[in-house]
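**Student:** The structure follows.
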Amino acid sequence: MLKTYINSTIFFFKQIRKTIFLNLFNTIITLLIILLISVASIHAFKWLIFKANWKVVISNLPLYAFGSFPPDEQWRPATWIISLLLLSIFTLCGPEWRWLRKNLLIVWLGTIPLGLYLLYGGLGLSPIMSRHWGGLTLTILLTVFSSLLSLPLGIVLALCRQSSLPLTQKVSSIYIDVMRAIPLIAVLFFGQLLIPLFLPLGMEIDRVWRAIFAFTLFVSAYIAEDIRGGLQSIPNTQIEAANSLGLNQYQIIQFILIPQALRIALPALTNQSIGLFQNTSLMAILGLVELLGIGRSILANPEFIGQYIEVYVWLACVYWIVCTIMAVLARHLEKRMTINQANF
Amino acid sequence: MEPIVVAKNLTKSYTKGLRALDNVSLTVDKGKVLVVMGPSGSGKSTLIRTFNGLETFDKGEINILGIKVDSTHDERKIQKIRRRVGMVFQQFNLFPHLSILENITLAPIHVQKRRQIEAEEYGMYLLSQMGIDSHAKKYPIQLSGGEQQRVAIARALALKPELLLFDEPTSALDPERINEVLDAMRTLAEQGMTMIVVTHEIGFAKDVSDQVLFMDSGKVVETSPPNIFFSNARHERSRKFLNQLDKH
Numbered sequence: 000m001l002k003t004y005i006n007s008t009i010f011f012f013k014q015i016r017k018t019i020f021l022n023l024f025n026t027i028i029t030l031l032i033i034l035l036i037s038v039a040s041i042h043a044f045k046w047l048i049f050k051a052n053w054k055v056v057i058s059n060l061p062l063y064a065f066g067s068f069p070p071d072e073q074w075r076p077a078t079w080i081i082s083l084l085l086l087s088i089f090t091l092c093g094p095e096w097r098w099l100r101k102n103l104l105i106v107w108l109g110t111i112p113l114g115l116y117l118l119y120g121g122l123g124l125s126p127i128m129s130r131h132w133g134g135l136t137l138t139i140l141l142t143v144f145s146s147l148l149s150l151p152l153g154i155v156l157a158l159c160r161q162s163s164l165p166l167t168q169k170v171s172s173i174y175i176d177v178m179r180a181i182p183l184i185a186v187l188f189f190g191q192l193l194i195p196l197f198l199p200l201g202m203e204i205d206r207v208w209r210a211i212f213a214f215t216l217f218v219s220a221y222i223a224e225d226i227r228g229g230l231q232s233i234p235n236t237q238i239e240a241a242n243s244l245g246l247n248q249y250q251i252i253q254f255i256l257i258p259q260a261l262r263i264a265l266p267a268l269t270n271q272s273i274g275l276f277q278n279t280s281l282m283a284i285l286g287l288v289e290l291l292g293i294g295r296s297i298l299a300n301p302e303f304i305g306q307y308i309e310v311y312v313w314l315a316c317v318y319w320i321v322c323t324i325m326a327v328l329a330r331h332l333e334k335r336m337t338i339n340q341a342n343f
Numbered sequence: 000m001e002p003i004v005v006a007k008n009l010t011k012s013y014t015k016g017l018r019a020l021d022n023v024s025l026t027v028d029k030g031k032v033l034v035v036m037g038p039s040g041s042g043k044s045t046l047i048r049t050f051n052g053l054e055t056f057d058k059g060e061i062n063i064l065g066i067k068v069d070s071t072h073d074e075r076k077i078q079k080i081r082r083r084v085g086m087v088f089q090q091f092n093l094f095p096h097l098s099i100l101e102n103i104t105l106a107p108i109h110v111q112k113r114r115q116i117e118a119e120e121y122g123m124y125l126l127s128q129m130g131i132d133s134h135a136k137k138y139p140i141q142l143s144g145g146e147q148q149r150v151a152i153a154r155a156l157a158l159k160p161e162l163l164l165f166d167e168p169t170s171a172l173d174p175e176r177i178n179e180v181l182d183a184m185r186t187l188a189e190q191g192m193t194m195i196v197v198t199h200e201i202g203f204a205k206d207v208s209d210q211v212l213f214m215d216s217g218k219v220v221e222t223s224p225p226n227i228f229f230s231n232a233r234h235e236r237s238r239k240f241l242n243q244l245d246k247h
């Protein structure tokens, strides 16, 4: 262990000499860049420690996390977020018991009704309207539900696009192409402003769900294309083999095509969900107080006026942390599927 | 003798007027082994693939296990045939995302609606027959070509078929792996399985087959018992083909 470490260190320095200190010109460039980086980091460090006033962050932590959720009930979203975090850590570092690993997916899916129950209340908890949801809780909620709904829709769209029925094929192609040609913000506007006009009188979908549906409609088009890529890489001989075994069309889709296509599309799907997580911040413009929205409304408070750098640096950190957790989890899932299926 | 496969005047043309099948007729009786030989492009794969509906045809009729299919390609009848006819492919075509045992039990569980335990037991029995039961938990990529092909045979057998189709089952294998697959097929023939085998393996054809059907450009050139075909073929075209094979 130690020996390989020393060897790799020596190799590292040799590599450095060979690449960035090769001649006078390279050395000057290297030193200049090092100077630039150090000046920038010293200033950043100075600002972080001495100039920045972190009161705007520290005194508002519950707001960032839960928005205007009633203070007495804030343990509910807190429980949800902490249970997601613990489950993530457990998935990454937990023991390798077979039965446990097999059922981990069910536990993950279980966090969804748990989240809904904790946020909405009812059945012993006091009910809370969705307009009180906010902060990181709302951001995570938008991400989880949008990706969860857009995955099946995306699969269906991809299958329709591959279908031999001309009408199905055309409708799905047009849908995908149109959705990919419209900017996300337009789809979100549509969801917030136009959906209520189309619904019959008396029927109402609250704003959070309208946002989730808009995200779902948009993201599913992209997911469909990712999955179509997976489907196309499955050789036709697989389908012939399944046919010759007497499996019908639906069974072939369920047992042969979807599992393989999902495995192949997994890296692309990870990208989509991380992108989706970041795109939820667009809802700040449309009046939902998710993480970015709460930042903006805190900045509108006269007490904290002008402290936008602190707030945005802090928000960037939170987004970065959550994205990193998502990426690490996805890599873990990828690796596990590769082990299980021996890297076909 | 009860015929399992009766094909009458099968014809299939491609758009350019090329004929993949040209008036092909044949009969295979229960428990018999028919070997189909011919140069590449002669239509032998196309022929064998019409028997379980993987290929359509334009004219003629086939009767498999009493189920008649004509050029309308009735999907329901073909499904019925597929449940009773197994097929083994040149490239094995195992499902890479399923374990060996899952490959074998997939169709029994979902097509024949058998219980999982029962299907697994029978699957393990078939794997031990093929001498590869120790690999049941592995995935296809972890096995050699010969082992994969034996899994493919076990998978075809799992539906307890009354007819087995082999489409060049040894052509994609390393030379030293060919025999393990041929031996498995020999055992099946001895157990009385009805088989149609597209192959270039003369030794196998000589020992195991009851009839050899020789095709060229979509036509049946001749159908003879193996002792006649390999020693004294009736047609000049067959003799030329056998000469070519011998040289390799």
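Chains as they are written, first to last, in numbering that gives the first Met the number 0: chain A, 0 to 343; chain B, 0 to 247.
Just so it is clear, CB atoms sit at the ideal spot from N, CA and C, and this is done for glycine as well.
Leaving out the 5 sequence neighbours to the left and right, which residues in its chain are closer than 7 Å to D57/B when beta-carbon positions are compared?
**Tutor:** Correct list, in chain order: T10, K11, S12 and S70.
**Student:** I want to verify the contact list: residues of chain B whose CB lies under 7 Å from the CB of I255/A, in sequence order.
**Tutor:** Here the neighbours are F94.
**Student:** Can you pull out the residues from the segment 76-94 of chain B whose beta carbon lies closer than 7 Å to at least one beta carbon of chain A?
**Tutor:** Listed by position along the chain: Q78, R81, R82, M86, F88, Q90, N92 and F94.
**Student:** Are the beta-carbon atoms of R81/B and N62/B separated by less than 7 Å?
**Tutor:** Result no, Cβ atoms of R81/B and N62/B do not sit closer than 7 Å.
**Student:** Where does S149/A sit, in a helix, a strand or coil, going by DSSP?
**Tutor:** In this structure, S149/A counts as helix in the three-state DSSP scheme.
**Student:** Verify the contact flag: E221/B, CB atom, against every heavy atom of the ligand PLP, threshold strictly below 6 Å.
**Tutor:** In terms of ligand content, the structure shown is empty, and the ligand PLP therefore cannot be addressed.
**Student:** List the endpoints of the continuous alpha helix (DSSP H) containing F20/A.
**Tutor:** Note, F20/A: premise wrong, no alpha helix (DSSP H); not H, not E.
**Student:** Which same chain residues, not among the five before or five after T169/B, have their C-beta less than 7 Å away from its C-beta?
**Tutor:** The answer, listed in chain order, is I177, V180, L181, T198 and E200.
**Student:** If distances are taken between C-alpha atoms only, which option among V27/B, S127/B and K43/B comes closest to G65/B?
**Tutor:** Nearest of V27/B, S127/B and K43/B to G65/B, Cα basis: V27/B.
**Student:** If you count every other CB in all the chains shown that lies within 10 Å of the CB of H42/A, and 16 or more means buried, which is it?
**Tutor:** By the 10 Å Cβ count, H42/A comes out exposed.
**Student:** Given that A106/B touches chain A, what residues does it touch there, using C-beta distances under 8 Å?
**Tutor:** Going along chain A in sequence order, the residues near A106/B (Cβ under 8 Å) are L244, G245 and L246.
**Student:** Identify the continuous beta strand (DSSP E) that holds F91/B and give its terminal residues.
**Tutor:** No beta strand (DSSP E) holds F91/B; DSSP gives it neither H nor E.
**Student:** So S219/A packs on L140/A, CB below 8 Å; how close in whole Å?
**Tutor:** 18 Å between Cβ atoms; not a contact.
**Student:** Under a CB-based cut-off of 7 Å, is V110/B close to chain A?
**Tutor:** At least one chain A Cβ lies under 7 Å of V110/B.
**Student:** Taking 6 Å as the limit between beta carbons, can you name the residues of its chain near Y221/A, skipping five residues before and five after?
**Tutor:** These residues qualify, in order along the chain: Q271.
**Student:** Identify, in the order they occur along the chain, each residue of the same chain with its Cβ nearer than 6 Å to the Cβ of F94/B, setting aside the five sequence neighbours on each side.
**Tutor:** Cβ within range, chain order: N102.
**Student:** Using beta-carbon positions only, say whether M214/B and G37/B come within less than 7 Å of one another.
**Tutor:** Contact: yes.
**Student:** Buried or exposed: which applies to Y138/B, given that a residue is buried once 16 or more other Cβ atoms fall within 10 Å of its Cβ?
**Tutor:** Y138/B comes out buried.
**Student:** Whole angstroms is fine: what's the gap from M192/B's alpha carbon to F165/B's?
**Tutor:** Cα to Cα, M192/B sits roughly 12 Å from F165/B.
**Student:** I want to see whether chain B comes within less than 7 Å of Q231/A, judged by CB atoms only; does it?
**Tutor:** Taking Cβ atoms only, chain B never reaches closer than 7 Å to Q231/A, which makes this a no.
**Student:** Any C-beta of chain A sitting closer than 7 Å to the C-beta of N51/B?
**Tutor:** Yes, because at least one Cβ of chain A sits closer than 7 Å to the Cβ of N51/B.
**Student:** Could you tell me the alpha carbon to alpha carbon distance between L216/A and L261/A, rounded to whole angstroms?
**Tutor:** Their Cα atoms are separated by approximately 19 Å.
**Student:** Of all Cβ atoms in chain B, is any one closer than 7 Å to the Cβ of P258/A?
**Tutor:** For P258/A, the answer is yes, since a Cβ of chain B falls inside 7 Å of its Cβ.
**Student:** Per DSSP, what are the beta-bridge partners of S223/B in this structure?
**Tutor:** S223/B is bridged to V211/B.
**Student:** For chain B, find out if any of its Cβ atoms is closer than 7 Å to the Cβ of T236/A; answer yes or no.
**Tutor:** Yes, T236/A counts as interfacial toward chain B.
**Student:** Of all the CB atoms in chain B, is at least one closer than 7 Å to the CB of A51/A?
**Tutor:** Not an interface residue.
**Student:** If we cut at 7 Å on Cβ distances, does E95/A have a partner in chain B?
**Tutor:** No, its Cβ sits nowhere closer than 7 Å to a Cβ of chain B.
**Student:** Can you confirm whether A353/A, when its beta carbon is compared against all beta carbons of chain B, has any partner nearer than 7 Å?
**Tutor:** An answer regarding residue 353/A cannot be provided, because it is not within the stretch 0 to 343 covered by chain A.
**Student:** Would you tell me roughly how many angstroms separate the C-alpha atoms of F68/A and N52/A, rounded to the nearest one?
**Tutor:** Rounded to the nearest angstrom, the two C-alpha atoms are 26 Å apart.
**Student:** What first and last residue would you give for the alpha helix (DSSP H) that runs through F303/A?
**Tutor:** Taken as a continuous stretch (DSSP letters only), F303/A belongs to no alpha helix (DSSP H), as it is neither H nor E.
**Student:** Can you find a C-beta in chain B that's less than 7 Å from the C-beta of E239/A?
**Tutor:** Yes - at least one Cβ of chain B is within 7 Å of the one on E239/A.
**Student:** In or out: W98/A buried (at least 16 other Cβ within 10 Å) or exposed?
**Tutor:** Exposed, since its Cβ has fewer than 16 Cβ neighbours within 10 Å.
**Student:** Of all the CB atoms in chain B, is at least one closer than 7 Å to the CB of Q250/A?
**Tutor:** Answer yes: the Cβ-Cβ gap between Q250/A and chain B drops below 7 Å somewhere.
**Student:** Answer yes or no: do L62/A and I293/A have a C-beta to C-beta separation smaller than 7 Å?
**Tutor:** Yes. Within cutoff.
**Student:** Identify whether F276/A lies in helix, strand or coil by the three-state DSSP scheme.
**Tutor:** Of the three classes helix, strand and coil, the one that applies to F276/A here is helix, per DSSP.
**Student:** If we define contact as Cβ-Cβ less than 7 Å, is K334/A a contact residue for chain B?
**Tutor:** Output row for K334/A: interface = no.
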